[in-house]
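Quick note, the sequence shown lines up with residues 40 to 319 if you use the working numbering. All C-beta atoms in this analysis are idealised placements derived from N, C-alpha and C, irrespective of residue type, glycine included. What follows is a set of notes on a single structure, which appears directly below.
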Amino acid sequence: VLNALEQGPMNPDQLRDSAGSQVRNLGAEGKKKGLTTTLPLALGQLQSSGEIRRIPMSGRLDQQRYEYAAWQPNPLAASSLSPEEAYTELARRFFSWIGPATVAEFQWFSGLGAKAARAAVEPLQLQALGDDGTFLMFPDDYDAFQAYQPPREPKYVLVSSLDGIMHLRRDLGGLLAPEDVTRQVFGEKGLTELGSLSDPTSHVILDRGRLIGLWEYDTVSEAIAWTAFAPRNAELEKAVKKTEAFVRDELGDARSFSLDSPKSRGPRIAELRRTGGGGD
40 VLNALEQGPM NPDQLRDSAG SQVRNLGAEG KKKGLTTTLP LALGQLQSSG EIRRIPMSGR
100 LDQQRYEYAA WQPNPLAASS LSPEEAYTEL ARRFFSWIGP ATVAEFQWFS GLGAKAARAA
160 VEPLQLQALG DDGTFLMFPD DYDAFQAYQP PREPKYVLVS SLDGIMHLRR DLGGLLAPED
220 VTRQVFGEKG LTELGSLSDP TSHVILDRGR LIGLWEYDTV SEAIAWTAFA PRNAELEKAV
280 KKTEAFVRDE LGDARSFSLD SPKSRGPRIA ELRRTGGGGD
């Protein structure tokens with residue numbers, strides 16, 4: 040694989056042709072495991088070791104077709120960290136980004152097993168928050184957290200469904216007011232309770248850390264369709280228009296994930312307009 044990539048980036052088919060007989064067919068038994076050849080194993084190992092990287096074909100992020108390129112210099116070559124030390128450094132960053140958080144939330148974010156996640160967090164000597172000790176944070180942040188008072192005036196922001204406030208912890212319920220937990224929203228299988236979801240079904244509107252609405256961009260009308268759980272006012276309308284102009288003039292679209300499309304989000308847009316009337 041490395042020899043082949045000296046010629047430049049290649050997609051899996053090109054790599055398979057270039058490697059020839061060195062790519063072994065795993066037959067029926069491999070197919071049962073979801074692997075038909077040894078190429079994915081080689082690509083995974085080379086990515087983990089920093090020898091190659093996966094890049095979107097044609098430089099486009101709105102599709103799931105990739106090719107592979109040699110990564111020179113190898114970003115891991117100069118690292119002296121053991122895997123366990125690297126996990127602890129990842130935990131350090133995680134709790135500095137989104138603390139207070141739980142070990143279970145770090146485990147999901149990192150992809151580690153429960154035992155490895157606990158071992159990664161232990162050297163950080165985090166301070167427990169509350170009586171049950173579930174939520175942890177750095178001691179240096181504790182006093183500032185306890186003294187924090189949210190602003191009295193609303194602060195509206197429209198963010199992506201992958202924004203760190205949700206994606207790092209996947210605790211959507213923690214961002215909802217009690218009266219919004221049972222609110223019906225349009226999900227993958229029709230209407231569902233917002234509080235039952237791990238991830239939002241659409242992009243979100245926040246006010247001082249609380250989720251107060253949902254939004255989608257309609258490429259046909261070049262407008263944001265949105266609904267709010269809080270009373271509308273001029274400042275909220277202004278925040279929507281500001282984001283709408285940014286998406287229209289700078290981005291062209293606002294996808295939730297790579298395969299999201301104006302057509303696939305049509306039902307979500309229709310539901311937002313039905314419940315909120317936002318957008319043209």
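Contact belief for residue i with residue j at Cβ below 8 Å, rounded distance in angstroms
i	j	result
Ile137	Leu207	4 Å
Met96	Asn42	The Cβ separation is near 21 Å, so there is no contact.
Phe268	Asp219	5 Å
Tyr107	Pro48	6 Å
Arg63	Thr75	At roughly 10 Å, the Cβ-Cβ gap does not stay under 8 Å, so Arg63 and Thr75 are not in contact.
Leu168	Phe177	Actually they are not in contact, since the Cβ atoms of Leu168 and Phe177 sit about 11 Å apart, beyond 8 Å.
Alpha carbon of residue i to alpha carbon of residue j, nearest angstrom
i	j	result
Met205	Asp56	42 Å
Ile263	Ile91	39 Å
Pro122	Trp110	20 Å
Val259	Ile308	11 Å
Glu274	Gly172	38 Å
Ile251	Gly226	17 Å
Glu261	Phe148	34 Å
Tyr187	Gly89	41 Å
Asn272	Arg249	17 Å
Arg304	Gly234	21 Å
Pro79	Ile94	15 Å
Pro270	Pro189	19 Å
Gly203	Ala159	21 Å
Ala116	Glu310	51 Å
Lys72	Gly152	21 Å
Gly69	Leu298	28 Å
Pro112	Ser119	16 Å
Leu329	Pro239	There is no way to answer for residue 329, as the model of the chain reaches only from 40 to 319.
Arg313	Lys277	21 Å
Assigned exposure category for residue i - 16 Cβ within 10 Å defines buried
i	result
Glu144	buried
Gln164	exposed
Phe296	exposed
Asp257	buried
Ala140	buried
Glu45	exposed
Gln61	exposed
Phe134	buried
Gln84	exposed
Bridge partners - residue i, DSSP secondary structure assignment
i	result
Pro189	None; Pro189 has no bridge partner.
Arg246	Arg is not the amino acid found at residue 246; the sequence shown has Asp there. Note: Asp246 sits in a beta bridge opposite Tyr195, Arg249.
Asn113	Asn113 pairs with nothing; no bridge assigned.
Ile263	Tyr256
Asn64	Thr76
Glu106	Ile94
Gly229	Gly226
Met49	Tyr107
Neighbour flag for residue i against chain D, beta carbons, 8 Å
i	result
Ala130	Going by chain labels, chain D is absent from the structure shown, which holds only one protein chain.
Any contact between the stretch 233-243 and the stretch 196-203? By contact I mean 3 or more CB pairs, one from each, below 8 Å. yes
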